[in-house]
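First up is the structure itself, then whatever we jot down about it.
Residue numbers (full-length UniProt numbering): 1 to 242.
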């Protein structure tokens, strides 16, 4: 009886020790796994930041991030007064009314386009951020024409801007206020008539023009980065043969 009791106690103790060892081994494995995953995530983050810094041409990750954040904040600080001036001028110019032609009976044409009566035209306003970015706002009694010159730093941006604007102007009927041909010296033009202000909210039209000016630079920059990345990959694949 005593021997069977001692053997049962021994078996129970062995089972408990085995369970404790198994639990300890699982805990060690989970800790090691979490540590490995954490290190893997950290390494991926470091590689990602380094890749971003290489794209932007910076030496160290921290310095590159600080430079990009500073430059974006500086750009926003200089862009905001420019957009505020355009917004205020548009709000003042969009005081339009229905006005029939003084030359042809029962005709109603945008006077800013016809330009046959000087007394119906307002003084054109040019709002310039720099030599390459400016907005021309031409007003009249029943229409306003807004022409925008987009920043183009190099030949790639010129080509991308031309293709992008051409793509939009070919679909001008979908934008309602977009002109099919820009004013000479500008990249894109909008024509807003009194019928547009009667059918749409005036502040929404102003918001659309301002939003377009905010996003066009981002779109061209993203397309330029995409083109450069694709060209780099193509060059690497081509040079592998030599």
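In this text, a Cβ means the ideal position worked out from N, Cα and C, and glycines have one as well.
Could you pull out every residue in the same chain whose Cβ sits closer than 6 angstroms to the Cβ of residue i, ignoring the five residues on either side in sequence?
{"i": "residue 135", "result": "86, 127, 148"}
{"i": "residue 137", "result": "89, 93, 125, 146"}
{"i": "residue 51", "result": "Bear in mind that a pLDDT of 41 at residue 51, under 50, signals an unreliable position, so the model cannot answer this."}
{"i": "residue 169", "result": "180"}
{"i": "residue 213", "result": "none"}
{"i": "residue 210", "result": "83, 87"}
{"i": "residue 139", "result": "93, 122"}
{"i": "residue 120", "result": "111, 140, 141"}
Sorted by chain position, which residues of the same chain lie with C-beta nearer than 8 angstroms to residue i's C-beta, five sequence neighbours on each side aside?
{"i": "residue 238", "result": "none"}
{"i": "residue 217", "result": "150, 151"}
{"i": "residue 194", "result": "96, 97, 98, 99, 142, 143"}
{"i": "residue 133", "result": "82, 149, 150, 151"}
{"i": "residue 235", "result": "none"}
{"i": "residue 80", "result": "none"}
{"i": "residue 107", "result": "100, 101"}
So the beta strand (DSSP E) residue i belongs to, where does it begin and stop?
{"i": "residue 190", "result": "188 to 193"}
Since residue i sits in a beta bridge, which residues does DSSP pair it with?
{"i": "residue 134", "result": "128, 149"}
{"i": "residue 144", "result": "139, 192"}
{"i": "residue 121", "result": "140"}
{"i": "residue 178", "result": "190"}
Measure the Cβ-Cβ separation of residue i and residue j and say whether it is below 9 angstroms.
{"i": "residue 164", "j": "residue 219", "result": "yes"}
{"i": "residue 208", "j": "residue 177", "result": "yes"}
{"i": "residue 206", "j": "residue 123", "result": "no"}
Taking the alpha helix (DSSP H) that residue i falls in, what are its first and last residues?
{"i": "residue 172", "result": "No alpha helix (DSSP H) holds residue 172; DSSP gives it neither H nor E."}
{"i": "residue 224", "result": "202 to 239"}
{"i": "residue 104", "result": "No alpha helix (DSSP H) holds residue 104; DSSP gives it neither H nor E."}
{"i": "residue 97", "result": "Unbroken run through residue 97: none, as it is neither H nor E."}
{"i": "residue 184", "result": "Where residue 184 is concerned, there is no enclosing alpha helix (DSSP H), given that its DSSP letter is neither H nor E."}
Excluding five sequence neighbours on each side, which residues of the same chain lie with their C-beta closer than 7 angstroms to the C-beta of residue i?
{"i": "residue 202", "result": "94"}
{"i": "residue 161", "result": "150, 152, 187, 220"}
{"i": "residue 31", "result": "In this prediction, residue 31 has a pLDDT of 40, which is less than 50 and means its spatial position is unreliable; nothing more can be read from the coordinates."}
- Query: Do the region 99 to 108 and the region 221 to 229 meet, that is, are 3 or more Cβ pairs less than 8 angstroms apart?
  - Reply: no
- Message: I want to know whether the region 103 to 119 touches the region 149 to 162 - three or more CB-CB distances under 8 angstroms.
- Response: no
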